[in-house]
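Protein chains in written order, with the numbering used here: chain A, 776 to 1102; chain B, 1105 to 1904.
The structure appears right after this line, and notes come after that.
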């Protein structure tokens, strides 16, 4: 079998202990939650941490509870737990659906919500064995060579492949990020940067300790759609998340739509400006939203399926998310 | 539900003899085996598609503690290949590497991590050469040929064949069509990665435990390449966790494990990683095809001219046979009065292609069945009827001289039409929904072995012990298809026992007699016949002794329900163990042997040995789909299949084989592709190489058509490969019925469907596929053969 590289291993039992280790080791340390992505990536030598900090003994990071009218999800809650949780299913079905569409049943039992939010960006030139990557040039993200997807440019085009990120961003969820000596709250949308390598806007030594959903009733309807070629197993090659609050007369009061997996970051499309005060089936607004989404999305040939087709699907799925929100 | 039969075991639904240990995880596959002092082997593979090896420096690796053995190409100077006519492989690359992933250095160390680290410490100095990654590049050959000593350069094999006079046939046609089609390559993807262990034994002897379909061929090749008498080599096939043709060849890891075991005196295990399985490959050839076919207005075929270009990858493997197979079976499902075939296989700098389930026939079958569908639309004849008009008949000769015996093609077609309500659905479902039809033919075993010899193709020994224990010894291997159950069922039926009473020992060149292997859908037919003969001989031996004690003649003795008794007076009986003990006391140790050699059925022309089989199976299949017109994505709603099995040895096994074949066909049709980025395989992983999953599998309704083949054991024919074939064209035909576009390319991915729909909406043809065929002038002498006598005077092949 493929062997893991050598690394030091720590399994702290408290957040304080974990953040202290992150503070001491800086970028040389990596967190291990469910491991469903980290372990295969390590085997492929996509990175070589000095220290792997396993979180499974930190009980404080588990569980889903209600606090002051908000659902608070521990980052170690498994995707299966999120998908099955009655309050999430009734209040935020988009989140439950997104979690239920990640990987396979086995992976959802092991994989965590925190892991999916922090999921490393993916690229079909990057998620390969070291020997493969180095057999014809190298990879900007892994070895610091030249980007194989867009060799002319200087940036990395690895793809944000989280299914829960666009949903939580669309919902306006917040994250509690903790460091050894302080903590802060950030909206999910602010967690990401449009850069395949430095895809997270986190400070050195920060870790996620809570995911806070908005209070019940913030949205009337939420929806999530995922494009992939098989009904299981696959990462998204496009996903769309939406949330809507209706005002009097069934017109849109607030609406939020996010695109995922067609760039290095989840992307907001400005539905609010187009739909505020209009019904969801407004044809002109829909067409404008489709155009805007099509412009925002930058699918490249570094995932499964043709990128030309994926670009086409952005328009189709943008219209479909509006229909989902309407029904 | 299996229909009731006259048999106690045959045709039933008894559980597989090896089923329980498989579903409870107790089966010991090759990688589960372990031996004291075992070393772990690992390969350093080429990072280049085509590169001269200027120097290999192993000094750092050799100095690492725990490294016991390092081999390079010069340690294996003898080239080899599964077919004696193309021995162009090396265990480890010599002088140059010819595909990314080719083994270059083999290292055995005390543990896997050390072997891995040692491989990383080897320094190989390469000089890159012009690489050939496509048919066009291989044909243009701008630099050094992949095999410089090969006479044809990058052209590995040419097959030019004409039977009858196609020009005359086309002149008689009232409707002609030409189509170009591209079928992308794909791989077997067995869930068990290849693994083997070489174990040194006695003085200069070695046993190889390996996940292999063909231990006998491996035995022969190991002797040749290791320079060792086969009498010093034993090959044991471990239970195979999926083969599909991918474990037919003898591989670098098998040769290396044996050589390293002999050199170090310690067992050496190799277990390939998933990525390495992709490089080991021997999968489906990418094939570019051109087909011209002529019809009368009434739907009768007048002639066919078929051309194929196979992208073979870096070596020959079984590619010569693959090339012939792209032209062999077209005339075996439909009556084609004149037939011309030109096949060309090219070498490219990619992992080696070879036999995958259907071996060289799914690609041409897909072209022919989609052409029939297009013809049906143009001629206004429904697709099922068009096939019935042309269907081959039982006991006939095909125009390329193959003998058809039992044949249930028409029954299969009619069964599927009825079960699927095809005629009320085709062309009548709402836009987006469609139903497609296809039929096919396949062989029950190849008529000739892979190396020339006069021996039987299958030999089986049955041994009976003092307590009534029965062993059935066969060289065949169980690759999941159920060959152990087939042998147990046949022996149990003849001796009046239950399958659990039969201990099947298989695939061991030291203890079991020869069987050529589990390929070509040959085991049930050939080894099954050998088992039947061996069991009957054993029955006769025991019947003779028991008859004497009963004072009756041997022909009055029957075997049933664990008893041996006088048919005329069932009260006069003996328990099975007592009969065995009595026989042993009279005659000594009891064993019997059976053999099977297929009749000589070769066509009277060069290449006429590829395609003849003692029996053919026929399949008809319909697929119903739902195509999303906005995305082009295809959902398969249901599959109906009728398969002419001859007679099922075990009903459940056959259904399993039919469903497995259809699964594999649908997966190829929708998703699977071995595609490259410059020199590198795009997706060598289980996640990224897409196959359909349980979430995509539709319900399959299978009907077995029993034609009782006169030469098959209990009338049986094959089930392992045939049902795959029509699934692919039926799906493409269903897509046309749903949204009106022709996808002349496999896989049929949603982008292709969508682009073809857009083209049609803009007034175009509504087709996605290659525009042109490749120009190539054959250098091989054309082979022309007369039509069989059975085709003279307007007789369409019927044997009187």
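Using N, Cα and C, we set each Cβ at its ideal position, and we do this for glycine too.
Item	Value
Going along chain B in order, which residues have a C-beta closer than 8 Å to the C-beta of residue 1080 of chain A?	1853, 1854 and 1855
How many Å lie between residue 1836 of chain B and residue 1234 of chain B at the Cα?	37 Å
9 Å is my cut-off, CB to CB: does residue 821 of chain A come that close to chain B?	no
Quick check on residue 1680 of chain B: does DSSP put it in helix, strand or coil?	helix
Note down, in chain order, each residue of its chain lying with its Cβ closer than 6 Å to the Cβ of residue 1435 of chain B, except the 5 sequence neighbours on either side.	1443, 1502, 1503 and 1504
If you draw a straight line from the alpha carbon of residue 1427 of chain B to that of residue 1547 of chain B, how long is it in whole angstroms?	16 Å
Taking all protein chains shown into account, do 16 or more other C-beta atoms lie within 10 angstroms of the C-beta of residue 1111 of chain B, making it buried, or fewer, making it exposed?	exposed
Which same chain residues end up closer than 8 Å to residue 1796 of chain B when comparing Cβ atoms and leaving out the 5 residues on each side of it in sequence?	1767, 1770, 1771, 1774 and 1775
By Cβ distance, which residues of its chain are closer than 6 Å to residue 1411 of chain B, with the 5 residues on each side in sequence left out?	1394 and 1446
DSSP puts residue 1394 of chain B in a beta bridge; with which residues?	B:1284 and B:1411
Please list, in chain order, the chain B residues whose beta carbon lies closer than 8 Å to that of residue 1006 of chain A.	1797, 1799 and 1800
I want to verify the contact list: residues of chain B whose CB lies under 7 Å from the CB of residue 778 of chain A, in sequence order.	1216, 1217 and 1220
Do residue 1341 of chain B and residue 1315 of chain B come within 9 Å of each other at the CB atom, strictly closer than that value?	yes
Short check: CB of residue 1823 of chain B to CB of residue 1813 of chain B, under 9 Å?	no
Is it buried or exposed for residue 1355 of chain B, if we count other Cβ within 10 angstroms and need 16 for buried?	buried
Could you give the first and the last residue of the continuous alpha helix (DSSP H) run that contains residue 931 of chain A?	Premise fails: residue 931 of chain A is in no alpha helix (DSSP H) and is neither H nor E.
DSSP puts residue 1259 of chain B in a beta bridge; with which residues?	B:1450
Closer than 9 Å between beta carbons: that is the criterion. Which residues of the region 1085-1100 of chain A meet it against chain B?	1085, 1087, 1088, 1091, 1092, 1094 and 1095
Listed from N- to C-terminal order along the chain, which residues in the region 1361-1385 of chain B have their beta-carbon within a distance smaller than 8 Å of any beta-carbon of chain A?	1375, 1377 and 1379
Going straight from the alpha carbon of residue 1055 of chain A to that of residue 1765 of chain B, what length do you get?	47 Å
Counting contacts by CB-CB distance shorter than 9 Å, is residue 1014 of chain A in contact with chain B?	no
For residue 1895 of chain B, does the three-state DSSP call read helix, strand or coil?	helix
Taking the beta carbon of residue 1115 of chain A as the centre, do at least 16 other beta carbons fall within 10 Å, making it buried, or is it exposed?	Any question about residue 1115 of chain A goes unanswered here, given that chain A covers just 776 to 1102.
Do the region 807-825 of chain A and the region 875-891 of chain A touch if we need at least three Cβ pairs shorter than 8 Å?	yes
Is it buried or exposed, residue 1525 of chain B, if we count other Cβ atoms within 10 angstroms and call 16 or more buried?	exposed
I'd like to confirm the pairing. Which residues does DSSP put opposite residue 1264 of chain B in its beta bridges?	B:1446
Per DSSP, residue 1546 of chain B is paired with what?	B:1721
Quick one: Cα of residue 993 of chain A to Cα of residue 832 of chain A, how far?	34 Å
Which chain B residues sit within Cβ distance under 8 Å of residue 909 of chain A?	1151
Using a C-beta to C-beta distance shorter than 7 Å, which residues of chain B count as neighbours of residue 935 of chain A?	Ordered by position in chain B, no residue passes the 7 Å Cβ test against residue 935 of chain A, which lies about 17 Å from the chain.
Using 9 Å as the limit for Cβ to Cβ distance, is residue 843 of chain A near chain B?	no
In chain order, what residues of the same chain lie with their CB nearer than 7 Å to the CB of residue 1063 of chain A, ignoring the 5 residues before and after it?	1049
Can you give me the C-alpha to C-alpha distance between residue 1216 of chain B and residue 900 of chain A, rounded to a whole angstrom?	26 Å
So is residue 1736 of chain B in contact with chain A if we call contact Cβ pairs under 9 Å?	yes
Bridge partners of residue 1663 of chain B, per DSSP?	B:1668
If you run the structure through DSSP and keep just helix, strand and coil, what is residue 1428 of chain B?	helix
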